[in-house]
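Peer 1: Before I ask anything, let me first share the structure, which is written out below as structure tokens.
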Amino acid sequence: MNIFVGSLPFSLEEADLRESFEAYGAVESVKIITDKFTGRSKGFGFVEMSNDDEAQKAIDELNGATVSGRTIVVNKSEPRPEGERRSFNNNRGGFNRDNNRGGGFNRDNNRGGGDYNRGGRY
Numbered sequence: 001m002n003i004f005v006g007s008l009p010f011s012l013e014e015a016d017l018r019e020s021f022e023a024y025g026a027v028e029s030v031k032i033i034t035d036k037f038t039g040r041s042k043g044f045g046f047v048e049m050s051n052d053d054e055a056q057k058a059i060d061e062l063n064g065a066t067v068s069g070r071t072i073v074v075n076k077s078e079p080r081p082e083g084e085r086r087s088f089n090n091n092r093g094g095f096n097r098d099n100n101r102g103g104g105f106n107r108d109n110n111r112g113g114g115d116y117n118r119g120g121r122y
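Next comes the structure, spelled out in structure tokens:
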């Protein structure tokens with residue numbers, strides 16, 4: 001079973017998380033999600049346990065537990081449906097440099113309204 005673990009202390013290491021779950025059974029894998037630019041923890045991760053009964057016991061007992069002063073959230077991880085994935089290239093505003101058709105601050109070839117558009121290259 002894949003288990004989501006949230007509200008983790010940013011200083012918690014994967015080995016520490018593994019140790020917490022190994023008290024309930026065999027742990028196949030542990031992954032704390034990190035920011036791709038800074039490498040810092042995002043405060044959540046996933047634990048994979050092969051035995052569903054042991055995994056459920058870990059969920060029941062660790063959900064709401066306090067780790068380094070933070071109350072963690074532990075529950076069964078459900079995969080996101082395909083249609084729910086976020087798109088980061090929707091050109092609806094913000095700071096865009098090329099061929100933007102939306103609002104926001106755009107540097108060149110802007111064809112849409114927005115808050116602050118200069119048009120052209122500078």
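Residue 48 in full-length UniProt numbering is what sits at position 48 of the sequence shown, and the numbering runs on without skipping anything. Heads up, the beta-carbon is just placed ideally off N, CA and C, and yes, glycines get one too.
Tell me which residues share the same chain as GLU61 and place their Cβ nearer than 8 Å to its Cβ, disregarding the 5 neighbours each side in the sequence.
Peer 2: Here residue 61 refers to the residue found at position 61 when the sequence shown is read from its first residue. So the qualifying residues of the chain are TYR24.
Peer 1: Would you check if the distance between the CB atom of SER29 and the CB atom of PHE10 is smaller than 9 Å?
Peer 2: The residue you call residue 29 lines up with position 29 of the sequence shown. The residue you call residue 10 lines up with position 10 of the sequence shown. No, the pair does not count as a contact, with Cβ atoms beyond the cut-off.
Peer 1: Out of GLY64, SER20, VAL74, PHE37, which one is the CA nearest neighbour of PHE44?
Peer 2: Working through the sequence shown from its first residue, we reach residue 44 at position 44. It is VAL74 whose Cα lies nearest to the Cα of PHE44.
Peer 1: Over the uninterrupted alpha helix (DSSP H) stretch that includes GLU61, give me the two end residues.
Peer 2: Position 61 of the sequence shown, counting from 1, holds the residue named residue 61. It spans 52–62 - the alpha helix (DSSP H) in which GLU61 sits, taken as one unbroken run.
Peer 1: Return the Cβ separation of ALA26 and MET49 in integer angstroms, given the expectation that the two are a contact with Cβ distance under 8 Å.
Peer 2: Start at 1 with the first residue of the sequence shown, and residue 26 comes out as number 26. Start at 1 with the first residue of the sequence shown, and residue 49 comes out as number 49. So it is a contact: roughly 7 Å between Cβ atoms.
Peer 1: Tell me whether GLY83 sits in a helix, a strand or coil according to DSSP, three-state version.
Peer 2: Position 83 of the sequence shown, counted from the start, is the residue given in the question as residue 83. Helix.
Peer 1: Beta-carbon within less than 8 Å of GLU13's beta-carbon, same chain only, minus the 5 sequence neighbours each way: which residues are those?
Peer 2: Working through the sequence shown from its first residue, we reach residue 13 at position 13. Counting only Cβ-Cβ distances below 8 Å, and skipping sequence neighbours, we find ILE32.
Peer 1: Within the continuous beta strand (DSSP E) that includes SER77, where are the two ends?
Peer 2: Working through the sequence shown from its first residue, we reach residue 77 at position 77. Per DSSP, SER77 belongs to no beta strand (DSSP E) and is neither H nor E.
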